[in-house]
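Asker: Got a structure for you, written out below as structure tokens; questions coming shortly.
Number of protein chains: 2
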Amino acid sequence: MTDRLLETIHCPGDLKELSIEQLKQVAAEMRDFITHSVSQTGGHLASNLGIVELTIAMHRAFDFSKDRLLWDVGHQCYAHKMLTGRRDMFDGLRQENGLSGFPNPGESDQDVFSVGHAGTSISTALGMALGAQHKATDEKIVALVGDASIVNGLSFEALNNLGLVKRQMLIVLNDNSMAIDVTQGAMAKYLSKVRLSHTYEDIRNTTTRILDHLPLIGKRMEEAVENFKRTLRMAITPSRLFESLNIPYFGPVDGHDIASLIDLFKALDHLHTPAILHVYTKKGKGYEPADDNPRKYHSTGPFEVNGNSGDGKSKGRSFTAAFGDALTDLGEKDDKIVAITAAMPDGTGLVKFREQFKDRYYDVGIAESVAVDIGAGLAKQGLKPVVCIYSTFLQRSFDQIFQEVALQNLPVTFCIDRAGVVGDDGPTHHGLLDVGFIRMLPNLVIAAPADEYEMQQSLAMGVDCGKPFAIRYPRDSVQSIAENAIPYEFGKAAVVREGDSDIVLVTLGPILNEALEAADTLAKDDISVTVVNARFAKPIDTAIINYFRQGKTVIIAEDASITGGFGSAVIEQALQTAQADNDDTMRNSIGKAVLLGGADSFIPPAKRQRQLEWMGISAKGMVETVKTLKCQPEKVDNTSS
Amino acid sequence: MTDRLLETIHCPGDLKELSIEQLKQVAAEMRDFITHSVSQTGGHLASNLGIVELTIAMHRAFDFSKDRLLWDVGHQCYAHKMLTGRRDMFDGLRQENGLSGFPNPGESDQDVFSVGHAGTSISTALGMALGAQHKATDEKIVALVGDASIVNGLSFEALNNLGLVKRQMLIVLNDNSMAIDVTQGAMAKYLSKVRLSHTYEDIRNTTTRILDHLPLIGKRMEEAVENFKRTLRMAITPSRLFESLNIPYFGPVDGHDIASLIDLFKALDHLHTPAILHVYTKKGKGYEPADDNPRKYHSTGPFEVNGNSGDGKSKGRSFTAAFGDALTDLGEKDDKIVAITAAMPDGTGLVKFREQFKDRYYDVGIAESVAVDIGAGLAKQGLKPVVCIYSTFLQRSFDQIFQEVALQNLPVTFCIDRAGVVGDDGPTHHGLLDVGFIRMLPNLVIAAPADEYEMQQSLAMGVDCGKPFAIRYPRDSVQSIAENAIPYEFGKAAVVREGDSDIVLVTLGPILNEALEAADTLAKDDISVTVVNARFAKPIDTAIINYFRQGKTVIIAEDASITGGFGSAVIEQALQTAQADNDDTMRNSIGKAVLLGGADSFIPPAKRQRQLEWMGISAKGMVETVKTLKCQPEKVDNTSS
């Protein structure tokens, strides 16, 4: 029985003295630690288990206090965080004030960028390599990219521009043959062809061949690499794809063979040109359930290491599930409905639709831009495309929604999951901007269902209304259908509770429930507020504007950024109406409006409910806001609640 | 002497009866027509001259009343417009109520999408092909893409997903070896290698080989294509790039040989799989000055056909030139300043900087997303990157500015030309959304210089302030430096004129001049208004907010969309202040505010000044707004001016 090593490692330097056998032991101990840690806190499991040896080898071969390591997406950085002094913070993984689940320069200067979106590692590494070139410094630049991220348009734009770099820059292609879902498209097929064309023995030989011959080119320049490629078969299947883009390609090699990886990294260091090292790893390696079902263990809530796994959905039926069922139901009745996802069939709730309507379902990989354009093309053909993308990732499609959808006024339905704060994933994943950037686009409709009834109604309306139609909903549980729901009409708000006071609480989406809770609390203090469910952020119901006409104090709450958000939309329209009607009551009322929502700052990881509190749109926050208003003009402080 | 044919062609059907010799004559007449027409109106010349034969051949081989032709960018659609019944509208090209310079479904159902941004043709064609597949209809789908657009990430995402299509879909790669500027990157190098590897005779032989063998595969399926590729060398240089993406590739062939092109299109029709036909054309072909200098004649104002060409810059020194000079001056003093463009060195004013600082200049091709990430990487390295992208194209980088710049708080300076309405290019090219989408991002600063002094000052401040900094300015002439300019300070507005009345005109950017003209006009009617140059859209100077505190009526004018724009930003902040300070005067004042700018609709091509009028932000519009306010509350109609 050997002594445990993990606890002796406080920084990457502590790896330098260890033998290969000891490094293997460290890998095993890390894998064990990650599995147990994630079982307690939830988090990304399979991808992190797959990359342990690769991470160790990189930290042994490079010095990332000086060299720069760029992560892509970054949810596979747990081993990296453990090696860089953050092991004892894992009990707070993805918790409030805890360790982020993504790289974060605020935690360590060995994290270069905060990232959570795909395709950024090669492109930012390209910029950093150009910076080093400009400064004539000699730090190594390493971009780690997965086979799912390299298909993204941003990755391609970066690959296409690697020729700008005349110095070292290593791209490590971590090919784990499976993204969150099976990677789609020609590049994936190409990589899988490479993968299937050889045995493990071949891979070992490739490593040896590279190592044998790399010293020959030593520190010579691009020409040497060219000659080298011409005379040697470095890869078993020569990489036509990367070579036609003029990128020296090495591999594929075994991503779990620490010793070889260290040798390869050190050898490739001498190239004075960008290069790709193609590495095979296995998602979920070492933890059997994750090994068998990496999709399930991609991102997980807490689970039992040796028992039945929890599914992390403790809060009941989700908006995602409600959407998935509603879409499948509609799909049964209307075969013009077609669904598109960008590598997120699970996350966006499309699995059921895919099973039932295989021919009407398209997964384009992590490629949000083309997902929208495919929707535009399908709509032009008279079909009813439903494009399902998380709010934060839809930012990648802003220009496509502008030109290819809004300008053409095409009936594409956008189903925007993870709209609003998302909890533990934090600032890269919040969907706070969609209301603002979508409402700037003419022709667009924005609906925000507050419960399952409205989810169903808005989706049915969206696919049939003949206009671009966005539906946003959060990563949260959904309220079931009320028995006496107010009929759902295009562009119409619903007055959910009539109050006596002059205060009207207008909410967008399911924070309606927070408003109702607030109204209950306020009622106990004899403050009777009106609660309005806006239902639509665009167009805005004139009934909402009419509250200003009546001289009411309108509080507008949204699970989105205040900046340019729904509240601003209401005020813009109210100002216009007041001016057109020359209505002074309305003018006075507008100035009393209160906008609640995300401030002009990034919201850190925490429980979603906590984040709603920070934004002042929890029931408690709304109560405080109302009480402050009621206390004015005496200006008493607002700690009374 | 043969009779003229052009006047006999009213629709593509009229081409069907003509002999090849007659088609050649039509091509010559069209080229002549385009040259003369553009010399009168201005417009895109070189690219349109290059594509005449290709356009004729496509219209002869296909029936685009049923088949679908997708343009990429689309400024090369003049020959197409002439053939589809719009020849007699060319005297109104790019004019108010005239013919658009881009495809426009409102003009003809042979224009499928209104486009002006790059990379959309393959991606939307992909959607349309999937639609046809779903409906089992047999129309042909043709995507025309240039060698400059195919490098865009969106194009790549579409190429990567062509495998979804199991029917005909033809991609015509119009390789004219030169975009607006020389195309950058590995893909361009790859194409140029192909180009240099053969003679014209080779190209003719390729065409023959393709035509000889295509009948063999007839209407058989993908397997046939696969076999075909294996047994024949279809291309002189086999296309490793496209073939590794599993896309059947044919070519290169001569894009000016109408007869062969028609034969090729008809032959390729039978493929039941997407395919690429690589076509060589020559920009500016047939008009000697454009042939010699296609960059100059890319987009031109009116010029003399047989004399000295005008440069179309009738209005004096441009913001673009002022920026270019200011950046070059700064670059001389600070070698950390690095400039990045996405294929627009001319348009963004970087030519001088490039000449002087070759090593500190990067052109990434039409790839706005990676341009921003390179900026982020350079900033991380301590450099001072200046990313120069037109406002409308910067929409492609929204997510990169969000995550890779704003979230990291990196000092990247964005120089946003063509902000605001752009005149004759119309709705695809207006830059009306940048204020809205950028101000949603925490950490960003937005400056809008009103004259050359402020251009210089904001740029100097931007590169040195250590924060992400956006500078927006229009496609317009710039006022020279005033002798007694108010000192430029971070986040500070400038009171340009103090008035006696309660009306304050706050403007963003050079429409300040419209406000001053309005103030002069109003002064004649004894209405004395205060005019404030906001200078910054973010942060907002509290001095502006203080006008509300003083009970003033604030008119906020911006050359941007009202929706989520600068006016909304002012109101948001004023509401927050009024609430925090419990200030009723302020509240009343907020309700009186008037927001002027772009409405929630698309603005058609016209002179920029005319578009400013439509938006109500010309001097005349501002006068009317003020007079309306002064006439209230009696509510007199506002035609008094």
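Residue numbers (my numbering), protein chains in the order written: chain S, 547 to 1187; chain E, 547 to 1187.
Glycine included, each C-beta is placed from N, C-alpha and C at the ideal position.
These numbers were taken from a predicted model, which means no experiment stands behind them.
1) Tell me which residues share the same chain as S/Asp-684 and place their Cβ nearer than 6 Å to its Cβ, disregarding the 5 neighbours each side in the sequence.
2) Measure the C-alpha to C-alpha separation of S/Lys-1138 and S/Ala-1039 and round it to an integer number of angstroms.
3) Sorted by chain position, which residues of the same chain lie with C-beta nearer than 6 Å to S/Glu-769's C-beta, five sequence neighbours on each side aside?
4) Could you confirm whether any beta carbon from chain E is found closer than 8 Å to the beta carbon of S/Gln-714?
5) For S/Leu-629, go through chain E and note every residue whose CB falls closer than 7 Å to its CB, in chain order.
6) Hey, which unbroken runs of the alpha helix (DSSP H) at 4 residues or more fall wholly within the stretch 609-644 of chain S?
7) Any heavy atom of the ligand NAP closer than 7 Å to the beta-carbon of E/Ser-1114?
8) Here's the rule: buried if 16 or more other CB atoms are within 10 angstroms of the residue's CB, otherwise exposed. What is E/Asn-751?
9) Taking the alpha helix (DSSP H) that E/Phe-869 belongs to, which residues open and close that run?
10) Look at the Cβ atom of E/Gly-644, then the Cβ atom of E/Met-635, and state whether they are nearer than 8 Å.
11) Below 8 Å, how does it come out for the stretch 936-953 of chain S and the stretch 878-894 of chain S: are there three or more Cβ pairs, yes or no?
12) Counting only Cβ pairs nearer than 9 Å, list the residues of chain E close to S/Asn-1134.
13) With contact counted as at least three CB pairs below 8 Å, one residue from each stretch, are the stretch 1032-1052 of chain S and the stretch 912-919 of chain S in contact?
14) Got a sec: is the Cβ-Cβ distance from S/Thr-753 to anything in chain E below 8 Å?
15) Use the C-beta contact count for S/Arg-545: other C-beta atoms within 10 angstroms, 16 or more gives buried, fewer gives exposed.
16) Give a yes or no on whether 8 Å exceeds the smallest Cβ distance from S/Ile-1117 to chain E.
17) Would you say the stretch 1161-1168 of chain S touches the stretch 561-577 of chain E, given that touching needs at least three Cβ pairs under 8 Å?
18) To the nearest angstrom, how far is the alpha carbon of E/Gly-559 from that of E/Asp-815?
19) Taking E/Phe-869 as the reference, give the member of E/Leu-564, E/Ile-1057 and E/Asp-1022 with the closest Cα.
20) Taking all protein chains shown into account, do 16 or more other C-beta atoms lie within 10 angstroms of the C-beta of S/Cys-623, making it buried, or fewer, making it exposed?
21) Assess contact between the stretch 987-995 of chain E and the stretch 1077-1085 of chain E, defined as three or more Cβ pairs (one per stretch) separated by less than 8 Å. Is contact present?
22) Contact between the stretch 603-620 of chain S and the stretch 683-702 of chain S is defined here as three or more beta-carbon pairs at a separation below 8 Å; is this criterion met?
23) Checking 8 Å against the spacing of the C-beta atoms, do S/Val-658 and S/Ala-625 come in under that value?
24) What does DSSP give as the partner residues of E/His-975 in its beta bridges?
25) Along chain E, in chain order, which residues have C-beta atoms closer than 9 Å to that of S/Phe-1148?
26) Which word fits E/Cys-557, buried or exposed, when buried means at least 16 other C-beta atoms lie within 10 angstroms of its C-beta?
27) By the three-class DSSP mapping on this structure, what secondary structure does E/Glu-1060 have?
28) Is the beta carbon of S/His-1140 less than 8 Å from the beta carbon of S/Ile-1073?
29) Is S/Arg-942 close to chain E, meaning its C-beta is less than 8 Å from at least one C-beta of that chain?
30) As a quick exercise: from E/Arg-633, E/His-802 and E/Ala-1006, pick the residue whose alpha carbon is nearest that of E/Leu-595.
31) Using three-state DSSP, classify S/His-590 as helix, strand or coil.
32) Would you list the one or two residues that DSSP bridges to E/Asp-909?
33) Verify whether the separation of the beta carbon atoms of E/Met-1001 and E/Ala-1103 is less than 8 Å.
34) Could you name the residues that DSSP lists as bridge partners for E/Arg-1043?
35) Please identify the residue among E/Ile-1090, E/Gly-1143 and E/Asp-1105 whose C-alpha is closest to the C-alpha of E/Ile-1136.
36) First and last residue of the beta strand (DSSP E) that includes E/Lys-1084?
Answerer: Let me lay it out:
1) If we look at S/Asp-684 and ignore the five residues flanking it on each side, it has no Cβ neighbours.
2) Approximately 21 Å between the Cα atoms of the pair.
3) Annotation note: pLDDT 49 at S/Glu-769 (below 50); position unreliable, coordinate value reported separately. Scanning its chain for C-beta atoms nearer than 6 Å, with the 5 sequence neighbours on each side dropped, one finds no residue around S/Glu-769.
4) The beta-carbon of S/Gln-714 is placed no less than 8 Å from the nearest beta-carbon of chain E.
5) For a Cβ distance threshold of 7 Å, nothing in chain E lies close to S/Leu-629: the least Cβ distance comes to about 21 Å.
6) List check, alpha helix (DSSP H) in window: 624-627.
7) Annotation note on the ligand NAP: not contained in the displayed structure, which lists no ligands.
8) Exposed, since its Cβ has fewer than 16 Cβ neighbours within 10 Å.
9) Where E/Phe-869 is concerned, the enclosing alpha helix (DSSP H) stretches over 865-879.
10) E/Gly-644 is a Cβ neighbour of E/Met-635, given a cutoff of 8 Å.
11) The stretch 936-953 of chain S and the stretch 878-894 of chain S touch, with no fewer than 3 CB-CB distances between them shorter than 8 Å.
12) Within chain E, the residues near S/Asn-1134 are Asp-1130, Arg-1133, Asn-1134 and Gly-1137.
13) Touching, no.
14) The C-beta of S/Thr-753 comes no closer than 8 Å to any C-beta of chain E.
15) The structure shown has nothing for residue 545 of chain S, since chain S only spans 547 to 1187.
16) Under the Cβ criterion of 8 Å, S/Ile-1117 is counted among the residues facing chain E.
17) Short answer: they don't touch.
18) Between E/Gly-559 and E/Asp-815, the C-alpha separation is close to 19 Å.
19) Nearest option by C-alpha distance: E/Asp-1022.
20) Classification for S/Cys-623: buried.
21) Segments in contact, yes.
22) Between the stretch 603-620 of chain S and the stretch 683-702 of chain S there are three or more inter-stretch CB-CB distances shorter than 8 Å, so the stretches are counted as touching.
23) Not a contact, by the Cβ cut-off of 8 Å.
24) DSSP output for E/His-975 lists no bridge partner at all.
25) By Cβ distance, chain E contributes Ala-952, Leu-953, Pro-988 and Asn-989.
26) With fewer than 16 Cβ atoms within 10 Å of its Cβ, E/Cys-557 is classed as exposed.
27) The answer is helix: DSSP assigns E/Glu-1060 an H, G or I state.
28) Strictly speaking, residue 1140 of chain S in this sequence is Val, with His absent from that position. Contact flag unset, no.
29) Answer yes: the Cβ-Cβ gap between S/Arg-942 and chain E drops below 8 Å somewhere.
30) Ranking E/Arg-633, E/His-802 and E/Ala-1006 by CA distance to the CA of E/Leu-595 puts E/His-802 first.
31) DSSP places S/His-590 in the strand class (E or B) of the three-state scheme.
32) Beta-bridge pairing links E/Asp-909 to E/Thr-887.
33) At a Cβ-Cβ threshold of 8 Å, E/Met-1001 and E/Ala-1103 do not count as neighbours.
34) DSSP, once it has assigned bridges, lists E/Val-1077 as partnering E/Arg-1043.
35) When only C-alpha atoms are compared, the closest one is E/Ile-1090.
36) In this chain, the beta strand (DSSP E) harbouring E/Lys-1084 covers 1082-1084.
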